[in-house]
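Asks: Line by line, the protein sequences are chains A and B. With the working numbering applied, the first sequence corresponds to residues 1 to 118, in that order. With the working numbering applied, the second sequence corresponds to residues 1001 to 1114, in that order. Note that CB positions come from ideal geometry on N, CA and C, so glycine has one too. For clarity, every value in this text was computed on a predicted model and none was experimentally measured.
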Amino acid sequence: EAGVTQFPSHSVIEKGQTVTLRCDPISGHDNLYWYRRVMGKEIKFLLHFVKESKQDESGMPNNRFLAERTGGTYSTLKVQPAELEDSGVYFCASSQPIGKREVAGELFFGEGSRLTVL
Amino acid sequence: AQSVTQLGSHVSVSEGALVLLRCNYSSSVPPYLFWYVQYPNQGLQLLLKYTTGATLVKGINGFEAEFKKSETSFHLTKPSAHMSDAAEYFCAVTRNTGGFKTIFGAGTRLFVKA
């Protein structure tokens, strides 16, 4: 079974440009999360999809960030326009549908997309 | 509000020595507790978890952690460190708020000396 995949693994862009990160969750996982880690700091929650709906987007930094999950499958996270402080590693994670107590809350992570804004 | 505190951003041990990585959490409701590990150039993977039941939980690679409600702690231990344990370890708290939301600590990087 394929794990969570993220693309690109590394992106270097200039301030003001646009970048789109993609995440393909594990098949059958309704829950999809985006997290970000700025160097040396905690992994910070950005948002949570349940299927195609945004369950919680309280962690999105500002309106330069737009996340979508069309059809409840893969998700994209667009940063437009990018700023220097957006640099970091963006992690995507997925988990089983809510109600499966056995794996409640367990997240399966992708390898991350490292974004460098110059 | 939930928070997770990991004491020590870096821990160094000798091979064969005890590994102890500390984690304290705050949560207004009983949480689910997790330790994840990240090896270089890889994503995070689950090491172990506490949901309900026995407070001492065992994970992969010989790691274990004990949930102590009175101390709001979930420290990670391993009796004997191996070189392959060198990685970054993250403590995490999850609770069901209509959807599971996981909060992570800042991480502790473990160095293992030969």
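Leaving out the 5 sequence neighbours to the left and right, which residues in its chain are closer than 6 Å to residue 17 (chain A) when beta-carbon positions are compared?
Replies: For the purposes of this step, residue 17 (chain A) is identified with residue 17 of the first sequence, where counting begins at 1. Only 82 meet the Cβ criterion.
Asks: Nearest-angstrom Cα distance between residue 26 (chain A) and residue 94 (chain A)?
Replies: The count along the first sequence starts at 1 and reaches residue 26 (chain A) at position 26. The count along the first sequence starts at 1 and reaches residue 94 (chain A) at position 94. C-alpha separation (whole angstroms): 7 Å.
Asks: DSSP puts residue 1032 (chain B) in a beta bridge; with which residues?
Replies: Taking the first residue of the second sequence as position 1, residue 1032 (chain B) is located at position 32. Answer is B:1094.
Asks: Determine, using beta carbons only, whether residue 4 (chain A) comes closer than 9 Å to chain B.
Replies: Here residue 4 (chain A) corresponds to residue number 4 of the first sequence, with the count starting at 1. Judged by the 9 Å Cβ criterion, residue 4 (chain A) is in contact with chain B.
Asks: Any Cβ of chain B within less than 9 Å of the Cβ of residue 91 (chain A)?
Replies: Translated into the one-based positions of the first sequence, residue 91 (chain A) becomes position 91. For residue 91 (chain A), the answer is yes, since a Cβ of chain B falls inside 9 Å of its Cβ.
Asks: What residues from chain A crowd round residue 1055 (chain B), counting only those whose CB sits closer than 9 Å?
Replies: Along the second sequence, read from residue 1 onward, the residue named residue 1055 (chain B) stands at position 55. Under the 9 Å cutoff, chain A gives no residues; its nearest Cβ is about 17 Å from residue 1055 (chain B).
Asks: Does the Cβ of residue 61 (chain A) have 16 or more other Cβ atoms within 10 Å, making it buried, or fewer, making it exposed?
Replies: What you label residue 61 (chain A) is simply residue 61 of the first sequence in a count that begins at 1. Residue 61 (chain A) is exposed by the Cβ-count criterion.
Asks: Report yes if the CB atom of residue 76 (chain A) is closer than 9 Å to the CB atom of residue 21 (chain A), and no otherwise.
Replies: One-based indexing of the first sequence puts residue 76 (chain A) at position 76. One-based indexing of the first sequence puts residue 21 (chain A) at position 21. In contact: residue 76 (chain A) and residue 21 (chain A) (Cβ atoms closer than 9 Å).
Asks: For the stretch 14 to 83 of chain A, list the alpha helix (DSSP H) runs that are entirely contained and at least 4 residues long, ordered along the chain.
Replies: The qualifying runs do not exist here; there are none.
Asks: So, residue 91 (chain A) versus residue 37 (chain A), is the Cβ gap smaller than 9 Å?
Replies: Taking the first residue of the first sequence as 1, we reach residue 91 (chain A) at position 91. Taking the first residue of the first sequence as 1, we reach residue 37 (chain A) at position 37. Yes; because the gap between Cβ atoms is below 9 Å, this pair is in contact.
Asks: When you compare each of B:1070, B:1053, B:1089, B:1108 to residue 1026 (chain B) by their alpha carbons, which one comes out closest?
Replies: In the second sequence, residue 1026 (chain B) corresponds to position 26, counting from 1. Of the listed residues, the one whose Cα sits closest to residue 1026 (chain B) is B:1070.
Asks: Residue 1079 (chain B): buried (16+ other C-beta within 10 angstroms of its C-beta) or exposed?
Replies: Numbered from its first residue, the second sequence carries residue 1079 (chain B) at position 79. Its Cβ having fewer than 16 others within 10 Å, residue 1079 (chain B) is exposed.
Asks: Can you check whether the C-beta of residue 72 (chain A) is within less than 9 Å of a C-beta belonging to chain B?
Replies: Start at 1 with the first residue of the first sequence, and residue 72 (chain A) comes out as number 72. Taking Cβ atoms only, chain B never reaches closer than 9 Å to residue 72 (chain A), which makes this a no.
Asks: Taking only the alpha-carbon atoms, compute the straight-line gap between residue 1106 (chain B) and residue 44 (chain A) and give it to the nearest angstrom.
Replies: Mapped onto the second sequence, residue 1106 (chain B) falls at position 106. Mapped onto the first sequence, residue 44 (chain A) falls at position 44. If you take the alpha carbons of residue 1106 (chain B) and residue 44 (chain A), they lie about 9 Å apart.
Asks: Quick one: which chain B residues come within Cβ less than 7 Å of residue 41 (chain A)?
Replies: Position 41 of the first sequence, counted from the start, is the residue given in the question as residue 41 (chain A). Those within 7 Å of residue 41 (chain A) in chain B are 1106.
Asks: If we ignore side chains and look at the alpha-carbon of each, how far apart do residue 39 (chain A) and residue 1002 (chain B) end up?
Replies: As a first step, residue 39 (chain A) is located in the first sequence; it is residue number 39 there, counting from the start. As a first step, residue 1002 (chain B) is located in the second sequence; it is residue number 2 there, counting from the start. Near 22 Å, if we compare the C-alpha coordinates of residue 1002 (chain B) and residue 39 (chain A).
Asks: Can you tell me which of the three DSSP states residue 1062 (chain B) falls into?
Replies: One-based indexing of the second sequence puts residue 1062 (chain B) at position 62. The answer is helix: DSSP assigns residue 1062 (chain B) an H, G or I state.
Asks: Can you tell me whether residue 1031 (chain B) is buried or exposed? The criterion is at least 16 other CB atoms within 10 Å of its CB, across all chains shown.
Replies: Within the second sequence, the letter at position 31 stands for residue 1031 (chain B). It is buried - the Cβ of residue 1031 (chain B) has at least 16 other Cβ atoms within 10 Å.
Asks: Can you check whether the C-beta of residue 1095 (chain B) is within less than 9 Å of a C-beta belonging to chain A?
Replies: Here the question's residue 1095 (chain B) lines up with position 95 in the second sequence. Yes, residue 1095 (chain B) lies at the interface with chain A (some Cβ there is under 9 Å from its Cβ).
Asks: Would you say residue 51 (chain A) reaches chain B, if we count a Cβ-Cβ gap shorter than 9 Å as a contact?
Replies: Locating residue 51 (chain A) in the first sequence gives position 51, counting from the first residue. No - not a single Cβ of chain B is within 9 Å of the one on residue 51 (chain A).
Asks: Any contact between the stretch 1004 to 1019 of chain B and the stretch 1083 to 1098 of chain B? By contact I mean 3 or more CB pairs, one from each, below 8 Å.
Replies: Judged by Cβ distances under 8 Å, the stretch 1004 to 1019 of chain B makes contact with the stretch 1083 to 1098 of chain B, as three or more pairs qualify.
Asks: With distances taken Cα to Cα, identify the nearest neighbour of residue 1024 (chain B) among B:1010, B:1035, B:1053.
Replies: The residue you call residue 1024 (chain B) lines up with position 24 of the second sequence. Minimum Cα distance to residue 1024 (chain B) is reached at B:1035.
Asks: Buried or exposed for residue 12 (chain A), please, with buried defined as at least 16 other CB atoms from any protein chain shown within 10 angstroms of its CB.
Replies: Within the first sequence, the letter at position 12 stands for residue 12 (chain A). It is exposed - the Cβ of residue 12 (chain A) has fewer than 16 other Cβ atoms within 10 Å.
Asks: Whose Cβ in chain B lies nearer than 8 Å to the Cβ of residue 112 (chain A)?
Replies: Translated into positions along the first sequence, residue 112 (chain A) becomes position 112. Those within 8 Å of residue 112 (chain A) in chain B are 1043.
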